[in-house]
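A.B. asks: Line by line, the protein sequences are chains A and B.
Note that the working numbering has the first sequence beginning at 8, numbered continuously upward.
Note that the working numbering has the second sequence beginning at 8, numbered continuously upward.
Think of the CB as a built atom: it goes at the ideal place given N, C-alpha and C, for glycine as much as any other residue.
The structure presented is a predicted model; accordingly, all values stated were derived computationally and were not measured.
Starting off with a structure, shown below.
Number of protein chains: 2
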Amino acid sequence: MDGTGQAAERLAADRSLLGRASTAELVAAILRDHIIEGLFEPGTRLSEESIGTILRVSRNTLREAFRLLSHERLLVHELNRGVFVRRLTAADVADLYRVRRLVECAALRRALDAPEQALAHLRDAVRGAEQAAAEQRWGDVGTANMRFHQAVVELAGSSRLDEMMRQVLAELRLSFHAMKNPRAFHEPYLNRNRDILQLIEAKDTEGAERLLEAYLTDAERQLVHAHA
Amino acid sequence: MDGTGQAAERLAADRSLLGRASTAELVAAILRDHIIEGLFEPGTRLSEESIGTILRVSRNTLREAFRLLSHERLLVHELNRGVFVRRLTAADVADLYRVRRLVECAALRRALDAPEQALAHLRDAVRGAEQAAAEQRWGDVGTANMRFHQAVVELAGSSRLDEMMRQVLAELRLSFHAMKNPRAFHEPYLNRNRDILQLIEAKDTEGAERLLEAYLTDAERQLVHAHA
DNA sequence: ATTGTCATATCGTTGAACGATTCTTATGTT
DNA sequence: AACATAAGAATCGTTCAACGATATGACAAT
Chain A
8 MDGTGQAAER LAADRSLLGR ASTAELVAAI LRDHIIEGLF EPGTRLSEES IGTILRVSRN
68 TLREAFRLLS HERLLVHELN RGVFVRRLTA ADVADLYRVR RLVECAALRR ALDAPEQALA
128 HLRDAVRGAE QAAAEQRWGD VGTANMRFHQ AVVELAGSSR LDEMMRQVLA ELRLSFHAMK
188 NPRAFHEPYL NRNRDILQLI EAKDTEGAER LLEAYLTDAE RQLVHAHA
Chain B
8 MDGTGQAAER LAADRSLLGR ASTAELVAAI LRDHIIEGLF EPGTRLSEES IGTILRVSRN
68 TLREAFRLLS HERLLVHELN RGVFVRRLTA ADVADLYRVR RLVECAALRR ALDAPEQALA
128 HLRDAVRGAE QAAAEQRWGD VGTANMRFHQ AVVELAGSSR LDEMMRQVLA ELRLSFHAMK
188 NPRAFHEPYL NRNRDILQLI EAKDTEGAER LLEAYLTDAE RQLVHAHA
């Protein structure tokens, strides 16, 4: 092997940049942000015509974007009626937390031989949350919290699980808007995340798992209550 | 509650049938079967025109179907090049088994308060596999095996996890076609599934988990080897 | 063998069209 | 006033035709 071997490797890594996004995917990304930010009230109907004229894309392209978001469960598609921003029920929230408890705790249990990158992401998330909290940006504290738990799943080292968790957390965000006081909701979890991280770094996965389980149970109770 | 309460419940159960499938979803179902059955060689390109003319649907509708299957990872979409039947790499197989080990084992650990229905599905799957094996239908033995593991995940009682597992198993099926001898591959797992079920029914979730872990490790090794 | 050029086949996206389904509103009946 | 009904409007589902953008393969030039 001459020098091209290494170069080829680096090139291959950047290969994904080449597969840039189609218009439909860009539109989906825009709408995804709006939905996650809560700019569309859950239950809102997204008409093909109105959105299409605003974004200047054809109905066909827009429908492809809708299809993508429906698969992510951010929109629900009703035949001949159109797509609506998903409205989570208490049962949905309970199901989402069932997934989180199972996946996050199991990932934590495998933390001993986790990719180093995941650890770094955990630390970044905690630091980001502290920063945001110091500046009273409670929405960003929530976002950093999500990144923390995304990183917890990364401990398992599976890209498919990462992808799945991304979806679960995006869906869960729909329910956060039901909390009227963002600070009271997000702030307490900052310390709990920091504690969990500490136990992970101390190789005490059992203790970390206990804390995480308690965390999730509490969060679920709050959200289910708000969706009653 | 008068009699209408019960009737309303039954109606609600059939509600999903009313939200019947669009043409795109029907097309996706057809293609999904073909892919899973291995009628399309992995790597095959599915041209919009050829498939469209065969199935007599417009390109737009077909594209919606492609979009659905791409999301299920059965097809890969390359911009301006079209869609191709996914070709699993050894790394893909390893990742899929990482997911399975994490999710299935964790689900098993929660088997004590599992929905009764899941237990029934486990028994059905084992019985179905025995029947198929007795009649030398090795492909069906494989299918019943999948149903068994689908039912294992059902123990966790989360519809979202069920859905996720459905996808994982569908994707995994792509790799089964690489095994030249279906009988040698599928038959041994029949007994192992039966053993696992026995331990579950004996409330020995720890023992069941150990067997399951070994099962998955062996299966992964076989498949990764075949994809080397 | 490598590079440049060009024709061809597909894909990406648009816009228009029409039947089917749902929603709205007006009308009429009890 | 409450309810059923029917006509009309608004949308969605699907198809089709078209054109620019992109990728591929063949062929010529170096």
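Could you give the distance in angstroms between the alpha-carbon of Arg-201(B) and the alpha-carbon of Arg-107(B)?
C.D. replies: Near 18 Å, if we compare the C-alpha coordinates of Arg-107(B) and Arg-201(B).
A.B. asks: By how many angstroms is the C-alpha of Ile-61(B) removed from the C-alpha of Leu-38(A)?
C.D. replies: 34 Å
A.B. asks: Verify the CB distance criterion: does His-78(B) have a CB-CB separation below 9 Å to chain A?
C.D. replies: yes
A.B. asks: Of the residues Pro-122(B), Ala-139(B) and Glu-142(B), which one's Cα is nearest the Cα of Val-159(B)?
C.D. replies: Pro-122(B)
A.B. asks: Please confirm if the segment 37-55 of chain A is in contact with the segment 80-90 of chain A, defined as three or more CB-CB distances below 8 Å between the two stretches.
C.D. replies: yes
A.B. asks: Starting from the beta carbon of Leu-230(B), find every residue of chain A whose beta carbon is closer than 9 Å, and list them in chain order.
C.D. replies: Within 9 Å Cβ-Cβ: nothing; Leu-230(B) doesn't reach chain A, min ~15 Å.
A.B. asks: Can you tell me the Cα-Cα spacing of Leu-95(A) and Ala-140(B), whole angstroms?
C.D. replies: Each residue's Cα considered, the two are about 44 Å apart.
A.B. asks: Mind listing the chain A neighbours of Ser-29(B)? Cutoff is C-beta to C-beta under 7 Å, in chain order.
C.D. replies: Leu-86
A.B. asks: Less than 9 Å separating the beta-carbons of Leu-3(B) and Ala-215(B)?
C.D. replies: Missing from the structure shown is residue 3(B); chain B here goes from 8 to 235 and no further.
A.B. asks: Is there contact between the segment 137-154 of chain A and the segment 133-153 of chain B, where contact requires at least three CB pairs shorter than 8 Å?
C.D. replies: no
A.B. asks: Got a sec, what are the start and stop residues for the alpha helix (DSSP H) Glu-161(A) sits in?
C.D. replies: 145-161
A.B. asks: Can you give me, in chain order, the residues of the segment 101-118 of chain A that have a beta carbon less than 8 Å from any beta carbon in chain B?
C.D. replies: Asp-102, Leu-103, Arg-105, Val-106, Leu-109, Val-110, Cys-112, Ala-113, Ala-114 and Arg-117
A.B. asks: Below 8 Å on the Cβ atoms is my guess for Arg-93(A) versus Leu-181(A); work out the distance and round it to an integer in Å.
C.D. replies: 6 Å
A.B. asks: Can you look up Gly-50(B) in the DSSP assignment and give me helix, strand or coil?
C.D. replies: Note: Gly-50(B) maps to coil in three-state DSSP.
A.B. asks: Is the distance from the Cβ of Glu-194(B) to the Cβ of Tyr-104(B) below 9 Å?
C.D. replies: no
A.B. asks: Closest to Arg-63(B) by CA distance: which of Ala-31(B), Ala-163(B) and Leu-46(B) is it?
C.D. replies: Ala-31(B)
A.B. asks: In this structure, how does DSSP classify Ala-20(B) when only helix, strand and coil are distinguished?
C.D. replies: With a pLDDT of 36 at Ala-20(B), under the threshold of 50, the modelled position of this residue cannot be trusted; read the value that follows with caution. DSSP places Ala-20(B) in helix when its eight states are reduced to three.
A.B. asks: Can you find a C-beta in chain A that's less than 9 Å from the C-beta of Asp-153(B)?
C.D. replies: The amino acid at residue 153(B) is misidentified as Asp; the sequence shows Met. With 9 Å as the cut-off, Met-153(B) does not count as an interface residue toward chain A.
A.B. asks: Using a C-beta cutoff of 9 Å, does Arg-144(A) count as contacting chain B?
C.D. replies: Taking 9 Å as the CB threshold, Arg-144(A) stays off the interface with chain B.
A.B. asks: By the criterion of Cβ-Cβ separation under 8 Å, what are the contact partners of Ser-165(B) in chain A?
C.D. replies: Scanning chain A for C-beta atoms nearer than 8 Å to the C-beta of Ser-165(B) yields Asp-102, Arg-105, Val-106 and Leu-109, reported in chain order.
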